[in-house]
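Chemist:
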């Protein structure tokens, strides 16, 4: 029930390979280690990771110099250990299994001791029941009693009455905030779909502007399509409200250039982070989200877009990949306590393959589209619409928008909502 070699292999791999480090930080806890020195090394690595310090054999050795002076042999055994990521995940499973075996052995000893003391069997069961639940590790049950439920419901009611919203992340679109009962909530998966070239990236970046630049809430944009300069030009356009084409071809006036520069401070002091990964896989996506949530405290994550995600199984059709992706992203949002906005592309018939399965997983499904001629005569002053086709928090509805393509900006009825 103690495997020191296993523990050293895991710690060494986390020091040598970033993929192992991210996977380890997501799944391993201090109590899983049996050796006190290994626990200290894990805590050191964890502190460095959470503080966004580079983790390697060299940097860990520098940070833990005093500790390793008295345990040089143990540190040498750790730093020379390494396992590839495929084997690493299996080793983590073994570490957890070994920890669970130790816990069960301890519980069994506790039961024997209480029985020898002639304790009542029902009392023995009650006293060890919670200990048994802890053996489940990440699957530990969070049991809420009827009394706790009633108390929590009362607290929730008064909190909503006082705040008039759900305490979520607000946007500049009042009608969208209203549909969300106030704003985006932790644990939500939002899917926004559109045809190619119809504004889904611009809309997502508008939301990021509202959240990460205006409110300075840390957010992550995972980009699979744009190169660095394309993203820069989009941001300069949205922040300065200067024609996108003029910035792209470099014909801005001196006055316009000064306006662009003056707006760069908003980006500098904001909470916008981005990662460009053309060959995005689900495992890589999960690792990126975990890393930025832990290190940068990101609360809102955009995946642009899910249709470009590579799959490990070439036999899967695209709609099957999307359905699996939606399911995993919903679980990830709940685990990390963040909102994830997943962008998807519809075909020429306005259909999203696998949309039924995806809608089942998400909290909100919205289709971004231009208004047709009839709708434009009925909804004066707007040329776009966000069709909320599924909404777990409230009713479905059509949210009119005005898209100003030259400045890549969407405006709603209540821009200050």
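In the UniProt record's numbering, the protein residues as written are 1 to 417. Backbone N, C-alpha and C fix where the C-beta goes; we use that ideal spot for every residue, glycine too. Because the structure is a prediction, the values reported are computed rather than measured.
1) Under 8 Å, with one C-beta from each stretch per pair, do the region 1–15 and the region 34–47 reach the 3-pair mark?
2) According to DSSP, what are the bridge partners of residue 412?
3) Just to confirm the assignment: which complete beta strand (DSSP E) runs, minimum length 3, are found wholly within the region 186–218?
4) With burial defined as no fewer than 16 other Cβ atoms inside 10 Å of the residue's Cβ, what is the status of residue 115: buried or exposed?
5) Buried or exposed: where does residue 6 fall if 16 or more other Cβ atoms within 10 Å of its Cβ makes it buried?
6) Give me, in chain order, the residues of the same chain whose beta-carbon lies closer than 7 Å to that of residue 383; leave out the 5 immediate sequence neighbours on both sides.
7) Please state if the CB of residue 20 and the CB of residue 79 are separated by a distance shorter than 8 Å.
8) Looking at the secondary structure, which residues open and close the beta strand (DSSP E) in which residue 81 lies?
9) Under 8 Å: do the region 202–210 and the region 228–248 share three or more Cβ pairs, one atom per stretch?
10) Could you give the residue range of the beta strand (DSSP E) that holds residue 386?
11) Leaving out five residues before and five after residue 160 in sequence, what residues of the same chain have Cβ atoms less than 8 Å from its Cβ?
12) Assuming contact is defined by CB atoms lying nearer than 8 Å, are residue 333 and residue 305 in contact in what I supplied?
13) By DSSP, does residue 55 sit in helix, in strand, or in coil?
14) Rounded to the nearest angstrom, what separates residue 93 and residue 258 at their Cα positions?
15) What does the alpha-carbon distance come out to for the pair residue 328 and residue 189?
16) With a CB to CB cut of under 8 Å and the five nearest residues on each side skipped, what residues in its chain are close to residue 139?
17) Kindly indicate the opening and closing residues of the beta strand (DSSP E) around residue 345.
18) Looking at C-alpha atoms only, which residue of 368, 395, 373, 394 is the closest neighbour of residue 385?
19) What does the Cβ neighbour count give for residue 46, buried or exposed, with the cut at 16 atoms within 10 Å?
20) Using DSSP with H/G/I as helix, E/B as strand and the rest coil, what is residue 220?
21) Does the Cβ of residue 394 have 16 or more other Cβ atoms within 10 Å, making it buried, or fewer, making it exposed?
22) Could you tell me the distance, in whole angstroms, from the CA atom of residue 290 to the CA atom of residue 171?
23) Once you ignore the five residues that flank residue 99 on each side, which residues in its own chain have a CB closer than 6 Å to its CB?
24) Distance check for residue 356 and residue 285, CA to CA, integer angstroms please.
25) Please state whether DSSP places residue 368 in a helix, a strand or coil.
26) Shortest alpha-carbon distance to residue 29 belongs to which of 97, 64, 67?
27) Rounded to the nearest angstrom, what separates residue 55 and residue 64 at their Cα positions?
28) Start and end of the alpha helix (DSSP H) containing residue 261?
29) Measure the alpha-carbon distance for residue 271 versus residue 193 and round it to whole angstroms.
30) Going by DSSP in three states, residue 272 sits in which element: helix, strand or coil?
31) How would you label residue 300, buried or exposed, when you count the other beta carbons within 10 angstroms and need 16 or more for buried?
32) Am I right that residue 418 and residue 347 are in contact with their C-beta atoms under 8 Å? What's the rounded C-beta distance?
33) Just grab the DSSP bridge partners of residue 107 for me.
34) If you draw a straight line from the alpha carbon of residue 281 to that of residue 322, how long is it in whole angstroms?
35) For a test of the three-state rule: what should DSSP assign to residue 302, helix, strand or coil?
36) For residue 405, count the other beta carbons within 10 Å of its own beta carbon; 16 or more makes it buried, fewer makes it exposed. Which is it?
Modeler: Straight from the coordinates:
1) yes
2) Locating residue 412 in the chain shown gives position 412, counting from the first residue. For residue 412, which the question treats as bridged, DSSP gives the partners 401.
3) 189–194
4) Along the chain shown, one-based indexing puts residue 115 at 115. Result: exposed.
5) Translated into positions along the chain shown, residue 6 becomes position 6. By the neighbour-count rule (16 or more Cβ atoms within 10 Å), residue 6 is buried.
6) If you number the chain shown from 1, residue 383 lands on position 383. Cβ neighbours of residue 383 beyond the five flanking positions: 370, 371, 376, 402, 403.
7) Translated into positions along the chain shown, residue 79 becomes position 79. Translated into positions along the chain shown, residue 20 becomes position 20. Result no, Cβ atoms of residue 79 and residue 20 do not sit closer than 8 Å.
8) What you label residue 81 is simply residue 81 of the chain shown in a count that begins at 1. First-last for residue 81: undefined, no H or E at that position.
9) yes
10) Taking the chain shown and counting its residues from 1, one reaches residue 386 at position 386. It spans 384–391 - the beta strand (DSSP E) in which residue 386 sits, taken as one unbroken run.
11) Taking the chain shown and counting its residues from 1, the one referred to as residue 160 is at position 160. Excluding sequence neighbours, residue 160 sits near 166.
12) As a working mapping, residue 333 is identified with position 333 in the chain shown. As a working mapping, residue 305 is identified with position 305 in the chain shown. Not in contact: residue 333 and residue 305 (Cβ atoms no closer than 8 Å).
13) Taking the first residue of the chain shown as 1, we reach residue 55 at position 55. In this structure, residue 55 counts as coil in the three-state DSSP scheme.
14) Residue mapping note: residue 93 aligns to position 93 of the chain shown, counting from 1. Residue mapping note: residue 258 aligns to position 258 of the chain shown, counting from 1. Spanning the two alpha carbons is a distance of roughly 56 Å.
15) Translated into the one-based positions of the chain shown, residue 328 becomes position 328. Translated into the one-based positions of the chain shown, residue 189 becomes position 189. As the crow flies, the alpha-carbon of residue 328 is around 10 Å from that of residue 189.
16) Reading the chain shown from its first residue, position 139 is the one you call residue 139. With a pLDDT of 48 at residue 139, under the threshold of 50, the predicted position of this residue should be treated as unreliable, though the coordinate-derived value follows. Answer for residue 139: no residue qualifies.
17) Taking the chain shown and counting its residues from 1, the one referred to as residue 345 is at position 345. Segment 339–345, the beta strand (DSSP E) holding residue 345.
18) Looking up residue 385 in the chain shown gives position 385. Answer by Cα proximity: 368.
19) As a first step, residue 46 is located in the chain shown; it is residue number 46 there, counting from the start. Under this definition residue 46 is a buried residue.
20) Sequence index remark: in the chain shown, residue 220 carries index 220 (1-based). In this structure, residue 220 counts as strand in the three-state DSSP scheme.
21) Numbered from 1 along the chain shown, position 394 holds the residue referred to as residue 394. Exposed, by the Cβ-count rule.
22) Here residue 290 refers to the residue found at position 290 of the chain shown. Here residue 171 refers to the residue found at position 171 of the chain shown. If I take the Cα positions, the gap works out to 24 Å.
23) What you label residue 99 is simply residue 99 of the chain shown in a count that begins at 1. Excluding positions up to five away in sequence, the list reads 32.
24) Within the chain shown, the letter at position 285 stands for residue 285. Within the chain shown, the letter at position 356 stands for residue 356. Straight-line Cα distance between these residues: approximately 23 Å.
25) For the purposes of this step, residue 368 is taken as the residue at position 368 of the chain shown. Reduced to three states, the DSSP call for residue 368 is strand.
26) Translated into the one-based positions of the chain shown, residue 29 becomes position 29. Checking every option, the nearest Cα to that of residue 29 belongs to 97.
27) Locating residue 55 in the chain shown gives position 55, where the first residue counts as 1. Locating residue 64 in the chain shown gives position 64, where the first residue counts as 1. Going from the Cα of residue 55 to the Cα of residue 64 covers about 12 Å.
28) The residue labelled residue 261 in the question sits at position 261 within the chain shown. Looking at the DSSP string, the run of the alpha helix (DSSP H) that includes residue 261 is 254–268.
29) Translated into positions along the chain shown, residue 271 becomes position 271. Translated into positions along the chain shown, residue 193 becomes position 193. Approximately 25 Å between the Cα atoms of the pair.
30) Translated into positions along the chain shown, residue 272 becomes position 272. Three-state DSSP puts residue 272 in a strand.
31) By 1-based counting over the chain shown, the position of residue 300 is 300. Buried, since its Cβ has 16 or more Cβ neighbours within 10 Å.
32) Residue 418 lies beyond the residue range present for the chain, which begins at 1 and ends at 417; the question has no answer from this structure.
33) Here residue 107 corresponds to residue number 107 of the chain shown, with the count starting at 1. Its beta-bridge partners do not exist; DSSP assigns none.
34) Here residue 281 is taken as the residue at index 281 of the chain shown, counted from 1. Here residue 322 is taken as the residue at index 322 of the chain shown, counted from 1. Looking at the backbone, the Cα of residue 281 and that of residue 322 are separated by about 12 Å.
35) Counting from 1 along the chain shown, the entry for residue 302 is found at position 302. Of the three classes helix, strand and coil, the one that applies to residue 302 here is strand, per DSSP.
36) The count along the chain shown starts at 1 and reaches residue 405 at position 405. Exposed is the call here.
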